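Per the numbering used here: the sequence shown = residues 434 to 1247.
C-beta: ideal position from N, C-alpha, C; glycine also.
Please read these numbers as outputs of a predicted model, since none were measured by experiment.
Comments concern the structure below.
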Amino acid sequence: MPTDSRENLPDFTDCLNTVSAIVDEYGVESVFILGDFNADISALFFDELRHFCNEHCLSCIDVDMLGIDSGTYTFISEAHGSCSWLDHCVVTESAKQAVINVSVKYDTLWSDHFPLIVECNLDLLIVTSSQMTPCVDRGIVWGHRDDEQIKNYTAECHKRLKCIDFPPEFEKCADNYCDDPEHQHTLDRLYSDIVNALRAASGAGRGRSRSGRGGSRVVGWNKYVREAHRKSRADFKQWVSCGKPRNGNMYAQMCESRRIFKSRLKWCQDHQDQIRMDVLAVRHSKGDLRGFWKATNKVNAKPGLPVSIDGVCDHKDIADLFRNHFSVQSTLGPSRVRKMEKLSGEVKVRFSAKDVAKIIKNMTRGKSPGHDGLSVEHLQHAGPHAVRVLAMFYSLCVSHSYLPAELMKTIVVPVVKNKTGDIADKGNYRPISLATIAAKIFDGLLNAQLEKYSNLHDNQFGFRPKLSTESAILCLKHTVRYYTTRNTPVYACFLDLSRAFDLVAYDILWEKLRSINLPNEIVNVFQYWYAHQVNAVRWAGAMSEPYQMECGVRQGGLTSPTLFNLYLDALVVALSSLHVGCHIDDVCVNNLSYADDMVLLSASVCGLNKLMRVCEEYAVRHGLKYNIVKSQFMVFEAAGAKCPESIPPVKLSGVSLEKVSQFKYLGHIVTSDLSDHADIERERRALSRRANMLARRFVRCSDGVKITLFRAYCTTLYTCALWTNYSQRVYSALRVQYNNAFRAVLGLPRYCSASGMFAAARTDCFHASVRKRCASMVRRVRASSNAVLTMIAGRVDCPFIRHCCDKHVTAVRA
């Protein structure tokens, strides 16, 4: 490690993130990082080490177990006679469980360092197994297909789907609502015919399936090994058919072809990393960006699954464990089973083939399929009859307020939240739902209907077009700066809702949908879907017992964000209608929300508590719960006046909230003095982490691939357009880190010219990246129809807009 000094801080950060890149590359859970970190507990490097541990959910186990105030030291300077604690042991949460004791062996005089002893019971380490998936017909799963296979698939779909016509049972109710239970069975058959046609065409269009073959796939098989394997197999069969002679030309030919096959196979196995990098280079040179990023994601190592979760080992039992963990019960009790509105007359909502085609076109490829194995690629290449039959099917589902059970069936897969955390803890997993592609498309059609009728308050920024987290942070910082520059402190409370999306009460949600005059047939479909959807957790190929949702919006559903915003919109309206809290130019900014992340702003503690009571009452009525531990409040001090030393407590649900001097709001660190030093340091460390990951994982790539990856991962500089209050030293440290990141990714000399290397690579330098982000933010703010952003754009004293414009003017003059 470098010497502990401020000039060497970027090098120390790079060393730490190089270690992090090694851990990420191999996907290891139980990690021990031991050695001379050169980071005394009272010095700068230890603060950086502590930040590193917090960001990666690691533990400096020797400091945690011995204590900072224990007087421990591992080094004595012979020149000065001073003692320092320079040696440390950093571990992941999985490895932490195996540590029994930590001590320092002071009676050893081998060197000026004393040995740091870490005693472990390795039997307590979490054992992982390879990930298992259920047997899937590879002929149906889309995977990689060449042009000829896609052409065959489209032809097969055309042949099969053109035979699906309008069912004669619906001739009398084609344009009207119907509740005939016999028609539900007809809809089941219609859906089954559509899915079976797509599955059959997928298998026939692809040719012979390799689903029955075991073993892992060899990288580069098709390009380097396949022909040699075919030749060797043919020569072997011919040799067998001739009685297996032990000499002669046939025997020599069989041996030679077998030798060539084995040598090529061995070469592929020994050069898998280089072959992957060559694939990236080829796709990048051809401009195949979709294939390029798909191949890039495959480079990431996939960690194994722990053998046990919370002491449970059997795969079926683990799946049932997650089933109980992911099932949420509403605080308001079970939802009342309300009958759907009985509809009569002509159908008001119909879906056309054009509507379905638009949804399919805009869907992202490469997603995991549902239980039927079908993905969006199957429909994008299915031909014109697919959108026709789907539009007919969805329209009939709406008119009958019914959906087939197979369409609604969802597979839930637990995914690790933090790889360096305890992977044997069920709380370290989040659910990922794999819905059928037919359900996803129908969800998109319903979301388009929702957006027509929903009119959300402008103080809600989450999941809305042309708004972002940066917009919400800008509104927060502008409001605080507006008051503090006028000698008025601002009291802010950052509220955190616990599992807010999972606690949406259905009875209340349906009433809110009717209150916005959403057509009753759409409300009925939502009611039926949420009342009958069946989930099952999949773990290592085993399936849990099925379960239904009692509350909460569907995880991963296209309509879920809109439904949640509607559920909370009344709270935003209630807060904004109060003449309490911060207002600027008759625009209420006493509350700002990004989905479930809300911040309340007031010029007094009394006003803040009034806003808090409104939130508490709303949460009680709607079955929501606030997290007291994560909810905190902050006082932004006025520029020319001091805040009172004794501040009345800010209470949430009767509990006094913790007062903090900084808070990470939507990924941006906000401090009480509006200084941007902490957030710039956050971005500097994040930049070092991303650059070291790229430099290690893609070291064999071509320069063109590395430059593309650098542009994608390292030039974003999150919220850099909002940095206005910083010192030149901190800003220059980020610039140096940016330059060093480019050198590290491309493997350039440490002290080569920064301007020269960016010019040669035709890549934006640090200042150009910042200017682009600033110009982008100003353009979006000035073009926005949001009332709060319009107010900010109209004020000439907004320091953030003025700062961005100054950077743009400086760039033009230069």
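Note to self: If contacts are defined as beta-carbon pairs under 8 angstroms, then Gly701 and Ile693 qualify, I think. What distance do you get, rounded to the angstrom?
What the structure shows: Contrary to the premise, residue 701 reads as Cys rather than Gly in this sequence. Contact between Cys701 and Ile693 is absent: CB atoms are separated by about 13 angstroms, not below the 8 angstroms threshold.
Notebook entry, point to check: Alpha carbon to alpha carbon, how far is Arg914 from Ala1166?
Noted result: Each residue's alpha carbon lies about 26 angstroms from the other.
Margin query: Does the contact criterion of 3 or more C-beta pairs under 8 angstroms hold for the segment 815–832 versus the segment 504–513?
Written below: Three or more Cβ pairs closer than 8 angstroms define a contact, and the segment 815–832 falls short of that threshold against the segment 504–513.
Item checked: Ordered list of beta strand (DSSP E) runs contained in the segment 965–1041, each at least 3 residues -> The DSSP assignment places 967–972, 1024–1027 and 1030–1035 as complete runs of the beta strand (DSSP E) inside the segment 965–1041, in order along the chain (cut-off: 3 residues).
Notebook entry, point to check: For Glu1336 versus His616, is the C-beta distance shorter than 9 angstroms?
Noted result: Limits of the chain in this structure are 434 at one end and 1247 at the other, which puts residue 1336 out of reach.
Next item on the list: Counting only the same chain and skipping the five closest in sequence on each side, list residues whose C-beta sits under 7 angstroms from that of Val848.
Entry: Contacts found: Tyr862, Arg863 and Ile865.
Check: Leaving out the 5 sequence neighbours to the left and right, which residues in its chain are closer than 6 angstroms to Met710 when beta-carbon positions are compared?
Finding: Closer than 6 angstroms at Cβ, skipping near neighbours: Arg1133 and Cys1134.
Check: Does DSSP classify Ala925 as helix, strand or coil?
Finding: Strand, per DSSP.
Next item on the list: Consult DSSP for His577 and reduce its assignment to one of helix, strand or coil.
Entry: Coil at His577, not helix or strand.
Checklist line | Terminal residues of the alpha helix (DSSP H) in which Met1067 lies | finding: Per DSSP, Met1067 is not a residue of any alpha helix (DSSP H); the beta strand (DSSP E) it occupies stretches across Gln1065 to Phe1069.
Margin query: So, for Ala1071: in the same chain, excluding its five sequence neighbours on each side, which residues have a beta-carbon less than 7 angstroms away from its beta-carbon?
Written below: Cβ neighbours of Ala1071 within its own chain (closer than 7 angstroms, five residues either side excluded): Thr917, Asn920, Thr921 and Pro922.
Checklist line | Rounded C-alpha distance that separates Ile844 from His1110 | finding: C-alpha separation (whole angstroms): 44 angstroms.
Notebook entry, point to check: For Tyr963, does the count of other Cβ atoms within 10 angstroms reach 16, so buried, or fall short, so exposed?
Noted result: Per the 10 Å Cβ criterion, buried.
Notebook entry, point to check: Under the three-state reduction of DSSP, which class applies to Glu511: helix, strand or coil?
Noted result: Three-state DSSP puts Glu511 in coil, outside helix and strand.
Next item on the list: With DSSP collapsed to three states, give me the class of Leu1044.
Entry: Under the three-state reduction of DSSP, Leu1044 is assigned to helix.
Item checked: Assigned exposure category for Cys568 - 16 Cβ within 10 Å defines buried -> Low confidence applies here, because Cys568 scores a pLDDT of 48, under 50, leaving its location unreliable; read the following figure in that light. Exposed: under 16 other Cβ atoms inside 10 Å.
Notebook entry, point to check: Relative to the alpha-carbon of Gly860, which residue among Ile474, Ile742, Tyr1098 and Arg1176 has its alpha-carbon at the smallest distance?
Noted result: Distances from the alpha-carbon of Gly860 to those of Ile474, Ile742, Tyr1098 and Arg1176 put Ile742 closest.
Notebook entry, point to check: What span of residues does the beta strand (DSSP E) with Phe547 cover, start to end?
Noted result: Unbroken run through Phe547: none, as it is neither H nor E.
Check: Within this structure, are the beta carbons of Met825 and Ala872 separated by less than 9 angstroms?
Finding: No. Outside cutoff.
Margin query: Is the separation between the beta-carbon of Ile1225 and that of His911 shorter than 9 angstroms?
Written below: The Cβ atoms of Ile1225 and His911 lie closer than 9 angstroms to each other.
Check: Rounded to a whole number of angstroms, what is the C-alpha to C-alpha distance between Ser674 and Glu589?
Finding: Answer to the nearest angstrom: the Cα atoms are 38 angstroms apart.
Margin query: Which of the three DSSP states is assigned to Thr843 in this structure?
Written below: Under the three-state reduction of DSSP output, Thr843 falls in the strand class.
Checklist line | Opposing strand residues paired with Tyr862 [DSSP bridges] | finding: Tyr862 is bridged by DSSP to Val849.
Next item on the list: For Tyr1184, count neighbouring Cβ atoms within 10 angstroms of its own Cβ and tell me buried if that reaches 16, exposed if not.
Entry: Under this definition Tyr1184 is an exposed residue.
Next item on the list: Could you tell me if Arg987 is buried or exposed, where buried requires 16 or more neighbouring beta carbons within 10 angstroms of its beta carbon?
Entry: Within 10 angstroms of the beta-carbon of Arg987 lie 16 or more other beta-carbons, which makes it buried.
Item checked: Residues of its chain near Asn450, where Cβ-Cβ distance is below 6 angstroms and the 5 sequence neighbours each way are ignored -> The answer, listed in chain order, is Ser1121, Arg1122 and Asn1125.
Item checked: Whole-angstrom C-beta distance between Gly799 and Asp876, which should lie under 8 angstroms -> With 8 angstroms as the limit, Asp876 and Gly799 do not qualify as a contact, their Cβ atoms being about 18 angstroms apart.
Checklist line | Option in Val1062, Leu909, Leu946 and Met683 with minimal Cα separation from Leu889 | finding: That would be Leu946, whose Cα lies nearest to the Cα of Leu889.
Note to self: Measuring CB atoms only, is the segment 547–558 touching the segment 517–526, in the sense that at least three cross pairs come out at less than 8 angstroms?
What the structure shows: Contact check between the segment 547–558 and the segment 517–526: three or more CB pairs, one atom from each, fall below 8 angstroms, which counts as touching.
Margin query: Distance check for Asp929 and Lys1063, CA to CA, integer angstroms please.
Written below: Using only the alpha carbons, I get a separation of about 6 angstroms.
Check: Between the segment 932–951 and the segment 976–984, do three or more beta carbon pairs fall short of 8 angstroms?
Finding: A contact exists between the segment 932–951 and the segment 976–984.
Next item on the list: Helix, strand or coil for Cys596, going by three-state DSSP, please let me know.
Entry: The three-state secondary structure of Cys596, taken from DSSP, is coil.
Check: Does Gln617 have its Cβ less than 9 angstroms from a Cβ in chain D?
Finding: The displayed structure is made up of one protein chain only, and chain D is not part of it.
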